[in-house]
Amino acid sequence: MYSGLILIRLKAVPFNITLVQVYIPTTDYDDEQIEDFYNQLQDIVDKVHKKDILIAQGDWNAKV
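Per this note's numbering, residue 22 is the first one in the sequence shown, and the count goes up by one each step.
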């Protein structure tokens with residue numbers, strides 16, 4: 022299992038803040054591991070409280 026996710030929830034006023042730090046697997050990983058990562062990320066996003074401010078940051082390993 023690839024573990025490139027860190028979640029922090031800060032209780033603040035007037036909104037709580039959820040920070041998600043991501044390190045997306047590179048193309049060196051097989052497609053199944055990459056798919057698992059995105060599923061984990063989606064599960065985290067789905068569980069964030071709807072009133073929270075969500076900030077996702079990190080290394081997305083994108084090529085332009």
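From the three backbone atoms N, C-alpha and C, an ideal C-beta is built for every residue, glycine too.
Using the Cβ count rule (16 or more neighbours within 10 Å means buried), how would you classify Thr48? exposed
Continuous alpha helix (DSSP H) stretch holding Asp52: start and end: 52-68
Is Val34 helix, strand or coil when you go by DSSP? coil
Between Arg30 and Ile45, what straight-line distance do the alpha-carbon atoms span, to the nearest angstrom? 20 Å
Return the CA-CA distance between Ile76 and Asp52, expressed in angstroms with no decimal places. So the two alpha carbons sit approximately 26 Å from each other.
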